[in-house]
Amino acid sequence: MARHAGEISLKDRDLPIADAIVAATAVAHTGGRVYTDDPHFAHIPGIQTLWGRT
Numbered sequence: 932m933a934r935h936a937g938e939i940s941l942k943d944r945d946l947p948i949a950d951a952i953v954a955a956t957a958v959a960h961t962g963g964r965v966y967t968d969d970p971h972f973a974h975i976p977g978i979q980t981l982w983g984r985t
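In our numbering, each number is its position in the sequence shown, counted from 1, plus 931.
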């Protein structure tokens with residue numbers, strides 16, 4: 932997961948490392964779903980943002 936977070940972080944230098952870690956974890960454990968309204972996640976390949984939906 933750390934390696935994938937690093938790869939995500941290298942592709943988007945403006946992305947905080949914590950968000951890259953969350954994204955890598957989401958890909959590994961939830962099929963890429965992240966429950967957030969944080970705009971940083973909108974451009975990460977493989978991530979689907981959800982907010983206020985169940």
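Backbone N, C-alpha and C fix where the C-beta goes; we use that ideal spot for every residue, glycine too. Everything numeric in this text was worked out from a predicted model, so none of it was measured.
Are the beta-carbon atoms of residue i and residue j separated by less than 8 Å?
| i | j | result |
| --- | --- | --- |
| Ala957 | Val965 | yes |
| His971 | Asp950 | yes |
| Gly963 | Gly977 | yes |
Could you name each continuous beta strand (DSSP E) segment of 3 residues or more that falls completely within the segment 940-971, going from the start of the chain to the end? 964-966
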